[in-house]
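The structure under discussion appears below in the form of structure tokens.
In my numbering, the protein residues as written are 24 to 372.
Below is the structure:
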């Protein structure tokens with residue numbers, strides 16, 4: 024019977040990845056469902072409750088890798104490798120889409136723009152899963168039995184490996200970009216008021232009103248629209264949506280009412296691919312950001328997300344991302360505009 028080898032770490036890593044992935048998905052089922060749609064997975068998977076069943080399957084698979092005796096342990100290792108290969112294939116396919124997409128492989132914990140780095144991460148997980156298969160072939164015991172024979176020295180090495188990985192993650196992870204993160208992210212600065220209205224400072228004073236980045240959007244008929252020029256005539260609320268995101272579809276239906284109640288600002292749904300006119304409620308002026316360049320210039324990814332452009336060439340609020348944050352953002356904008364009307368700073372709507 025072979026002694027415990029470093030390959031035990033491969034199996035433990037796959038177990039940890041599966042558990043983290045499953046817990047993150049279970050905590051935010053809506054994010055997983057949206058990821059299925061944004062990654063354009065077959066609709067039958069959603070109808071078969073794939074977004075809800077996948078994390079449960081990951082937990083069962085993790086338990087099998089940890090507890091199952093041979094040959095069931097080997098079966099679990101092979102299934103885990105196939106799952107990692109499937110995740111990698113989905114990411115490789117998404118990289119070929121003509122518009123940016125977000126990945127929810129780890130629920131909202133890993134929700135981010137799909138890039139080549141995402142593909143390399145998944146390829147590395149495939150390699151680790153293959154090593155876990157080798158570990159299962161070499162041993163005729165469960166993983167827990169192997170761990171019991173490791174001894175104090177071996178467990179110490181395992182603990183230090185975990186600490187090393189944690190330190191590396193803390194060093195390499197840059198965290199959220201601070202450039203667009205106000206202390207009160209849902210409270211828009213008053214720049215959406217008319218240009219001749221003096222903008223009072225925010226209570227915390229921490230929101231930095233940066234210049235509207237240079238960017239060009241496309242109109243449905245193919246004309247180009249410079250966002251800086253758009254905002255000169257009227258404050259503009261840009262809401263980046265996805266055609267395949269359930270949260271985006273729900274939010275989209277609420278926009279006409281918001282736009283009607285707040286005529287002082289122009290409300291524009293932004294998509295990465297062409298939209299049928301009948302998909303946009305209330306005849307709203309939707310625009311295209313084909314490669315997601317404008318959205319990325321604001322430092323936010325995924326959908327929905329929103330940003331308010333002031334008439335003075337500066338950001339007036341946001342950007343914010345996520346369904347609940349965008350809704351809170353809209354509520355705050357509406358409340359501030361209503362207060363301005365009551366104070367006769369703005370004409371009554």
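No residue lacks a Cβ here, since even glycine has one placed at the ideal position from N, Cα and C.
#1: Taking 8 Å as the threshold (C-beta atoms), are residue 84 and residue 21 in contact?
#2: Write down the C-beta distance between residue 146 and residue 118 rounded to the nearest angstrom, noting that I regard them as a contact closer than 8 Å.
#3: Give, in chain order, every unbroken run of the alpha helix (DSSP H) that is at least 4 residues long and sits entirely within the region 43–84.
#4: Which one of 284, 367, 353 has the shortest CA to CA distance from residue 274?
#5: Indicate whether at least one CB of chain D lies closer than 8 Å to the CB of residue 58.
#6: Do you know offhand how far residue 368's Cα is from residue 316's?
#7: Could you spell out where the beta strand (DSSP E) holding residue 259 opens and where it closes?
#8: Three or more C-beta pairs under 8 Å: does that hold for the region 231–242 against the region 274–286?
#9: Which residues in the same chain have their Cβ closer than 6 Å to the Cβ of residue 78, if we skip the five residues on either side of it in sequence?
#10: Helix, strand or coil, according to DSSP, for residue 342 in the structure here?
#11: Given a threshold of 16 other Cβ atoms within 10 Å of its Cβ, counted over all protein chains shown, does residue 93 qualify as buried or as exposed?
#12: Report the three-state DSSP secondary structure of residue 29 (helix, strand or coil).
#13: Give the range of the beta strand (DSSP E) segment to which residue 288 is assigned.
#14: Quick check on DSSP: helix, strand or coil for residue 41?
If we stick to the structure as given:
#1: Residue 21 lies beyond the residue range present for the chain, which begins at 24 and ends at 372; the question has no answer from this structure.
#2: Actually they do not touch by this definition, with Cβ atoms about 12 Å apart.
#3: 52–61, 66–70
#4: 353
#5: Looking for chain D here will not work: only one protein chain is present.
#6: 35 Å
#7: 258–263
#8: no
#9: 45, 48, 49
#10: strand
#11: exposed
#12: coil
#13: 288–294
#14: helix
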